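**Student:** Before anything else, here's the structure in question.
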Amino acid sequence: MLEQLADLVNDDAALVRRGRHFTGAFLVEARPRVWLVHVLRGRIERVEAGPFVMPSWRFALRAEEASWQRFWRRRPAPGDHDLLALVRRGLMKFEGDLQPLMANLLYIKGVLEAPRAVQTERGATP
930 MLEQLADLVN DDAALVRRGR HFTGAFLVEA RPRVWLVHVL RGRIERVEAG PFVMPSWRFA
990 LRAEEASWQR FWRRRPAPGD HDLLALVRRG LMKFEGDLQP LMANLLYIKG VLEAPRAVQT
1050 ERGATP
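Right under this line is the structure:
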């Protein structure tokens, strides 16, 4: 799913502008799968698929794959629609340096919601 993230985000000028002050790597874990997302001034440079031995990241967003699949639906149900809603429900954890995550929360939310655009109504990727 996240392999297409660079194209989805970098083609969205408004989203890139929103993240223009963010540079760094963050980890997305959909247990058992994991990715490192590398960002340079709001543009996704690359997405690396794990597993990793000792990855370097500023913050991590960790959840079960089922939670991410519900989040990435074209129209997620209430409670599955937002990163903070997943955290509140105990389905997701934020780890690491939370300052850049919270300072760029709208950007990170937009980045991680971008895969919804490639979902079909049944929830499968085309």
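Residue numbers (this note's numbering): 930 to 1055.
All C-beta atoms, glycine included, are put in the ideal place defined by N, C-alpha and C.
Computed from a predicted model, the values in this text were never measured in an experiment.
(1) Check Ala1006 in the structure and name its three-state DSSP category.
(2) Along the chain, which unbroken stretches of the beta strand (DSSP E) at least 3 residues long are found entirely within the stretch 940-1015?
(3) I need the DSSP call for Gly1039, collapsed to helix, strand or coil.
(4) Smallest Cα separation from Glu994: which of Gly948, Glu1024 and Leu1020?
(5) Quick one: Cα of Gln998 to Cα of Val982, how far?
(6) First and last residue of the beta strand (DSSP E) that includes Met1021?
(7) Using three-state DSSP, classify Gln910 as helix, strand or coil.
(8) Since Val938 contacts Ala1043 with CB under 8 Å, what's their CB separation in whole angstroms?
(9) Which residues in the same chain have their Cβ closer than 7 Å to the Cβ of Gly1008, if we skip the five residues on either side of it in sequence?
**Tutor:** In short:
(1) coil
(2) The stretch 940-1015 contains these whole beta strand (DSSP E) runs: 953-960, 962-969, 972-978 and 988-993.
(3) In the structure shown, the three-state DSSP call for Gly1039 is helix.
(4) In this structure, Leu1020 is the residue among Gly948, Glu1024 and Leu1020 with its C-alpha nearest to the C-alpha of Glu994.
(5) 25 Å
(6) Met1021 to Gly1025
(7) Beyond the ends of the chain as shown, which are 930 and 1055, falls residue 910; an answer cannot be given.
(8) Yes, Val938 and Ala1043 are in contact; Cβ-Cβ is about 5 Å, under 8 Å.
(9) Annotation for Gly1008: Ala1014 and Arg1018 place their beta carbon closer than 7 Å to its own, counting only its chain and skipping 5 residues before and after.
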